[in-house]
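Reviewing the structure listed below.
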Amino acid sequence: LNYEQVFFPKGFRPLTRTFFAMPSSNPAEQFHYFTTLATWLMNKLGNDAKPPSHYDDPNSTVANLTLELKKLNVPNEYAPMKVKQGHGEAVCAILHSLLERIGHEFQKPYHHPDDYAEEAQVDDDAALDADAIADEVGADTEDEDDLYYGGGGITVEEDRNKQMVTTIEPSIEPDVWKLELERVLPQLKVTVVSDGKEWRTHIAQAKQHQDAVLSRLPQSTGALEKIHAEVSDTLEMVAKIERKLNSQCEADISEYAAKQMDFTAKQEEYNKNSEGINALQNELATVTDELQAIKSRMDERGSAMTDTSPVVKIKTALTRIKQEARAMEVRIGVVSHSLVLKRLGTNGFSAKSALQPSIRAAMRN
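This is the structure:
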């Protein structure tokens, strides 16, 4: 697949064997690595999918990846949330399926047999003798002392010469060492957290930016000069065409200017007349309102003059007053009659003399 030569130049570091099997300290970087690697593998299969960016929405990225996998008939029965994690069974299964489609074969792991000696069976029922154990340990210690300090007929100098002559032959294959190194390499890295406010960091960043600018300056300068030349030629051509058009349309331009001035004068006259018309319309509206008010007052007065209801009310009131006066006269007569009877009873006047004032009053009425 030329994985190291093609994929690494895109800015990705080498993978470990458990990179997609376990969660990473930077989930966003792990998810971006997975989606980019999956897109690269799909491109190997003839798919024209574009690699995602760091700023893309993870949900839309997972949806697009699922759609492209369906186009390639790659099985994907996992939920989008499992794929969105960037690690786990779903991610490993998708990568494994894509590699199988490409034709990459995975070899089964080979486990070296253990060369450790079998442990002797221990008799739990056997009695422990402390003295016997101490004698055995002491004997072994003496044998070791004899071996290292002159026992066996080998001196210290001979032992050193023998060690210098003897070559060390490794018993582990170099491939196994490389695999072990790849496994423990992430754990051996030391991450130094630098303070963003430190002046050394600022100087390093400034030098880095300066180097980047200087490296891109020649190419950018050439491109800008080319653009400047093209723009200058275009502006000169436009100026020539403009002068030619001005010379050809000079008469039309003067005529247009005269008509424009005439139009401006007419527009000012129209504005003045419009102001006068507006003033007259306002005055007409005021006069119309006054006329309506006068008409309403005249209508009220005419209706009041032709209305006979007050006369009818006056006649009704006079009739009622006359009836009340008659009733009052009858009451007065009754009271007068009662007074006459009382006078007759108290003073002893004759009935005729007592009735004379009442009769006279009634005759007057």
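Sequential numbering from 4 applies to the sequence shown in my numbering. Here a beta-carbon is modelled for each residue, glycine too, at the ideal position from N, C-alpha and C.
| Asked | Found |
| --- | --- |
| Identity of the residue in L72, S63 and V187 nearest N50 by Cα | L72 |
| Integer Cβ distance of R104 from L182, believed to fall under 8 Å | No, R104 and L182 are not in contact; Cβ-Cβ is about 26 Å, not under 8 Å. |
| F23 beta carbon less than 8 Å from that of V94 | yes |
| Neighbourhood of I335 by C-beta, 7 Å cutoff - its chain only, sequence neighbours within 5 removed | none |
| Nearest-angstrom beta carbon gap, P55 and T69 [assumed within contact, 8 Å] | Between P55 and T69 the Cβ distance is about 13 Å, and since that is not below 8 Å, they are no contact. |
| Option in A66, A82 and P61 with minimal Cα separation from A31 | P61 |
| Residues near N274 by beta carbon distance below 8 Å, same chain, minus five either side | none |
| Sub-8 Å separation of T19 and E176 beta-carbons | no |
| For T21, three-class secondary structure by DSSP | coil |
| Whether L101 touches M45 by CB criterion (8 Å) | yes |
| V187 - DSSP class collapsed to helix/strand/coil | helix |
| Under the three-state DSSP convention, the category R16 falls into | coil |
| I175 - DSSP class collapsed to helix/strand/coil | coil |
| Close Cβ partners of Y81 (< 6 Å) along its chain, the five nearest in sequence each way excluded | A93 |
| Sequence-distant residues of the same chain with beta carbon closer than 8 Å to A66, five excluded per side | P83 |
| Local conformation of A268 per DSSP, three classes | helix |
| Beta carbon of F34 nearer than 8 Å to that of G91 | no |
| Proximal residues to A41 (C-beta, below 7 Å), its chain only, five neighbours per side dropped | L68, I97, L98 and L101 |
| Three-way DSSP call (helix, strand, coil) for L370 in this model | Outside the modelled stretch of the chain, which goes from 4 to 368, sits residue 370, for which no answer is possible. |
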